[in-house]
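In the working numbering, the protein residues as written are 1 to 793.
Ideal Cβ positions, reconstructed from N, Cα and C, are used throughout, including at glycine.
In this text, all values refer to a predicted model and were calculated from it rather than measured experimentally.
Reading through the structure tokens given below for one structure.
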Amino acid sequence: MNAKAINTLEYNKIIERLVQCAGSPLGKERCSKLLPMNQLHEIQQAQKETSDALKRILQKGSVSFSGLKDIRGSIKRLEIGSTLGMGELLQISSVLDVTLRIKAFSRTDSDENEMDSLDERFTLLEPLSPINNEIKRCIVTEEEMSDDASSTLKHIRRTIKNTNEKVREQLNSIVSSQTTKSMLRENIITMRNGRYCLPVKQEYKGQFQGMVHDQSSTGSTFFIEPMAVVKLNNELRELAVQEQDEIERILSSLSASIAVETEKLSDNLSILSELDFIFAKAYLSKQLKATEPEFNTKGYVNIKKGRHPLIDAKQVVPIDIHLGDEYNLLIVTGPNTGGKTVSLKTVGLFTLMGQAGLHIPAFDGSSLAVFEEVFADIGDEQSIEQSLSTFSSHMTNTIHIIKNATPNSLVLFDELGAGTDPTEGAALAMSILSYLHEQDIRTMATTHYSELKIFALSTEGVENACCEFSVETLRPTYRLLIGIPGKSNAFAISSKLGLPDYIIDDAKSRIDSEEQSFEDVISDLEASRVTIEKEREEIEKLKQESAALKKQLEQKQDKLDQAKERILREANEEARDILAEAKEYADETIKNYNKWTKESGLGRAMEQERSKLREKLNSTESKLALKNKTKTNKTNKPKDFHLGDAVHVLSLNLKGTVSSLPNAKGDLFVQMGILRSQVNITDLELIDEPVITTPSLKKTGSGKIKMTKSMNISASINLIGKTVAEALPELDKYLDDAYLAHLPQCTVIHGRGTGILKNAVHQHLKKLKYVASYRLGTFGEGDQGVTIVEFKK
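Structure follows, in structure tokens:
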């Protein structure tokens, strides 16, 4: 990619953010050198690595590459047999610590077998723990070797400590001696040239036996090593040399053990820096809330809800852009500050980011094309040094683009043809765009020229677009609208700002009638678009409501199906229990019969009784058993069924009433107590409507009523909005019907309100003899707004 487009589209600012996401100097170095690629397989591989790293971060949390040092120099020194210092060895230990940490991060759970593009790199990492542990055991800091590095070093340092104590004892005795005390400038022990000395006054220099090592700047004090400790100091110097030799030997040994693993060490360094770079791309994707784009080699760009990554996330307006499929040239028009340039830069920057293996801040499913080159002529490029005007500078860039652009290029023009006479500028712009269009070069351009709007409308493969502008607020919405040319809105904006109408009318009269008519057409298109969008939003809302209702109905049907299955299961279990009880009784009876037969010899009579019992058992079993094969009634016709007809559902062995007329397939709804289910007419049998007798009127027989009404009773009654005088009669009638329908319980919906209706309902329920109990609803039943009533059995 050419450097000019990279700078113009501010790709470097994205790289700066990427560098900040890396955790090590090596990772930052790789990030800073990231450039777009133009090979599809390389781009797809880089995108997959970013996606896999992001997936790991989201699943397992963050991973840190801090501590990854640049040890390439140390590796080269090891390869030629040099001995490393303590600081270099600690840097290698730090790299091995990072290797171990990243290796542990890569391990997946035992039940996860899915591989990704990063697994091979993680597998190749070698923590070299034995060597790392040895370095940590031997070296404390960059300047300190541990006493436990070797037994020899430990012995030498112990000897040094003991010798130092002896020297101090000797010196303390000399300092505290009355003979020498007056000779000393101060009663202190000091060091000169690595040897212990005493500060002796100048006048006692000849009387104090020892070696002079230094004197003060005034010459009044001499630092003399007493003869009594010269030997001990000599021993200390020898021990210090031995200590240093042992440290060098240990460092040499450690360096030798690492030298045989330089290849693995070098591989670790390379892999870790690469992983740091890949995870930096993933962290940037997470920050931008970006997604992996799809790539193609057909020049097709389709950005869904794209957000320019360098604009504040709270202010950026997502835009939809597509180019290269139905048309290869997109001309964006509209007023300044309307977002045209941002749209242009978004397409260019997304292309560069995507081809560099970075995710783009857009919705899933966005597509980008692989371009060999991106050209961008954006912004004011007036050059004082080269004595070029704005127009000349832009035209120089345009000439360069025309000479170098190919069908595999993306070209972006901002205000093409501006900076010169409008008529000539428009003509030039139209010719340039026509040439690029004929060469099938994907091009996006912004302009103010109305001639280009007409050019886009009249040319196949060219499309208009505009950035929406609100005349009411005099602010752009920054929404990109493809298919509609932009309107300058100069008159409307001027009027809103207070320019007198007579000046605006005069200005309008100076515009060519055809041009004015064209602007009016654009205004009509804009008004139509707004209307269509509102209608589309309403349609979408209705579709969502419809889907929600459909889901509720499906859930209700599922509940009914579950209730049907439960009723069948309970009936089957009850039948099985009855049959088991009967068989148990029969077995006991047969045992008794056999016993009596042996005792009394009444075998024949007992056998007859046994046969009768078997016949009765078979009869009982045939009545209780659920038939596997459902009987059907093929003689039924849809016209035979009417609302309220009493029917027998053959498959369920239940009675109910018809609550809806048959449809074209012969399906209808049947109410069976509280269960309402859809059945086919072939599964129904019309029966004479039975009568039931109310418990309170059994003796007189005058309490017989039709069952149809009670079969259709609802499991709840809604009294909200009614007065007490209106609600109680309706409640009383409903409770009678519910009790006659043998409902075990029902729900009275009275709402919360002031509590007057609730209290009246409760007072009325206390008076009803067939009400066993009542209570307020719980969470999920309606809380305090409903009362659950249970009937006596």
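- Excluding its 5 nearest sequence neighbours in each direction, K205 has C-beta neighbours in its own chain below 6 Å: F222, listed in chain order.
- DSSP, read as helix, strand or coil, puts R56 in helix.
- Proximity to V748 across I441, S716, K767 peaks at S716, based on C-alpha coordinates.
- Residue pairing by DSSP puts M191 in a beta bridge opposite Y196.
- In this structure Y435 is exposed. Its beta-carbon is surrounded by fewer than 16 other beta-carbon atoms within 10 angstroms.
- Residue pairing from DSSP places M444 in a beta bridge opposite L330, L412.
- Excluding residues up to 5 positions away in sequence, F641, H642, L643, G644, D645, V647, L668, V670 lie with their Cβ nearer than 7 Å to the Cβ of V658 in the same chain.
- Shown here for C21: same chain residues with a beta carbon closer than 6 Å to its own, the five before and five after excluded, namely A280, Y283, L284 in chain order.
- Per DSSP, T83 is not a residue of any beta strand (DSSP E), being assigned neither H nor E.
- The closest CA to that of N296, considering only S366, I278, D245, is found on S366.
- Here S773 has E790 as same chain residues with Cβ atoms under 7 Å from its own Cβ, once five neighbours each way along the sequence are excluded.
- DSSP places K543 within a helical segment (H, G or I) once states are collapsed to three.
- For T159, the enclosing alpha helix (DSSP H) has its first and last residue at 151-176.
- Pairwise C-beta distances place the region 44-61 out of contact with the region 264-273, as fewer than three of them are shorter than 8 Å.
- Around the beta-carbon of M115, fewer than 16 other beta-carbon atoms lie within 10 Å, marking it exposed.
- Taking C-beta atoms as the reference points, P127 and D70 fail to come closer than 8 Å.
- Going by beta carbons, L239 and T159 fall inside the 8 Å limit.
- Here V19 carries a helix assignment [DSSP, helix/strand/coil].
- DSSP places F277 within a helical segment (H, G or I) once states are collapsed to three.
- Straight through space, the alpha carbons of P662 and R479 are spaced by roughly 53 Å.
- Judged by DSSP secondary structure, V374 falls within the beta strand (DSSP E) whose first and last residues are 373-377.
- The DSSP-derived three-state label of T179 is helix.
- Taking L84 as the centre and dropping the five residues before and after it, the same chain places the C-beta of S74, R77, L78, I92, L251, L254, S255, I258 closer than 8 Å to its C-beta, in chain order.
- E88 counts as buried, since no fewer than 16 other beta carbons sit within 10 angstroms of its beta carbon.
- Of all C-beta pairs linking the region 298-306 to the region 351-368, three or more are shorter than 8 Å, placing the two stretches in contact.
- S677 counts as buried, since no fewer than 16 other beta carbons sit within 10 angstroms of its beta carbon.
- The alpha-carbon separation between I378 and F413 amounts to approximately 6 Å.
- Between T406 and E372, the gap from beta carbon to beta carbon is short of 8 Å.
- S146 places its beta carbon 8 Å or farther from that of F122.
- The C-alpha of H213 is placed about 18 Å away from the C-alpha of R168.
- For the options F779, P729, G785, Y734, the alpha carbon positioned closest to that of G755 is the one of G785.
- With contacts defined by Cβ atoms closer than 8 Å, T152 and L358 do not form a contacting pair.
- Per the coordinates, the alpha-carbon of K637 lies some 7 Å from the alpha-carbon of I681.
- Per the C-alpha coordinates, the member of Q287, N12, G417, L481 positioned closest to T396 is G417.
- Of the residues assessed, A725 falls on the exposed side of the cut-off, its CB having fewer than 16 other CB atoms within 10 angstroms.
- DSSP assignment within the region 121-152 yields the following whole alpha helix (DSSP H) runs of 4 residues or more, N-terminal first: 129-138.
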